[in-house]
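K.L.:
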Ligand code: PEP
């Protein structure tokens, strides 16, 4: 069992409407409530349109709420954006940043992500910073180099390590059904800890990429893996809980 308290995060991406999102959130919350006290932290990151409804519905439940992205500024003329403090207003305590769908789909650089991490931490949020190599990086044997660079450049100077979680998410494993072996994940996590130096032992490092109820056990039985970030499989309450309860 990991020395650090485990963390299971649901990333709903751009899925869910008001009714279906609330049903999903309540179903997960009911299972979490029945399993109380939880030996791990459980976080739901719905799309921003549902953040308030979900956080309001889950008040008093053993579940944290997170955002999927935020702006670097506290406020301003940024049409369509939301600041970290606005997510706090919506009931969030966590923020996913640097997800590959933002890095690759929206051209976000590590420098921009570092500014977002700074802004989110200033607002009091725990930041879940995603890093991961592409299939081409993997083929070129560049995983370590890429991750080192992403971590170095995505963490702002003075990053609050108590409010920092790293998610190792190989881009080629996200939404593809392909996963690295648990041993490969452990190898990368160890390298990340080494890179982080003294703080490496206390930071939670999650794995993300096609986690399902069938592969969760082999991943979560590794001490090095402090939890998982789950995309598609988090859209089904029973499936998501089957993953989460491996930590109980
Ligand atoms: C993700 O969105 O971070 C993710 C890991 O997605 P999936 O579980 O669907 O691969």
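In the working numbering, the protein residues as written are 254 to 501.
For each residue, glycine too, the CB sits at the ideal point set by N, CA and C.
Treat the numbers as computed from the prediction; the structure is a model and nothing was measured.
#1: With DSSP run on the structure shown, which of helix, strand or coil describes residue 288?
#2: Given 7 Å as the limit, tell me if residue 266 has its C-beta closer than that to any heavy atom belonging to ligand 1.
#3: How do the region 299-319 and the region 269-285 stand: do at least 3 beta-carbon pairs fall below 8 Å, yes or no?
#4: Using DSSP with H/G/I as helix, E/B as strand and the rest coil, what is residue 496?
#5: Report yes if the C-beta distance between residue 482 and residue 381 is below 8 Å; otherwise report no.
#6: Any idea if residue 410 is buried or exposed, counting beta-carbon neighbours within 10 angstroms, 16 or more meaning buried?
#7: Would you say the beta carbon of residue 464 comes nearer than 7 Å to a heavy atom of ligand 1?
#8: Beta carbon of residue 391: closer than 7 Å to some heavy atom of ligand 1?
#9: Any chance you could list the alpha helix (DSSP H) runs of at least 4 consecutive residues sitting entirely within the region 383-454, in chain order?
#10: Starting from the Cα of residue 298, find the closest Cα among 261, 363, 331 and 496 and give me that residue.
#11: So residue 288 and residue 316 are supposed to be a Cβ contact under 8 Å. How far apart are they, rounded?
P.N.:
Short version:
#1: Residue state for residue 288 is assigned as coil, using DSSP reduced to three classes.
#2: For residue 266, the CB falls within less than 7 Å of some heavy atom of ligand 1.
#3: Between the region 299-319 and the region 269-285 there are three or more inter-stretch CB-CB distances shorter than 8 Å, so the stretches are counted as touching.
#4: Here residue 496 sits in helix by DSSP.
#5: At the C-beta level, residue 482 and residue 381 come within 8 Å of one another.
#6: It is exposed - the Cβ of residue 410 has fewer than 16 other Cβ atoms within 10 Å.
#7: Flag set: Cβ of residue 464 near ligand 1.
#8: No, the beta carbon of residue 391 sits no closer than 7 Å to any heavy atom of ligand 1.
#9: Counting only unbroken stretches of 4 or more residues, the alpha helix (DSSP H) elements lying wholly within the region 383-454 are 388-392, 396-407 and 435-449, in sequence order.
#10: With respect to the C-alpha of residue 298, the residue from 261, 363, 331 and 496 having the closest C-alpha is 261.
#11: That pair is no contact at about 11 Å.
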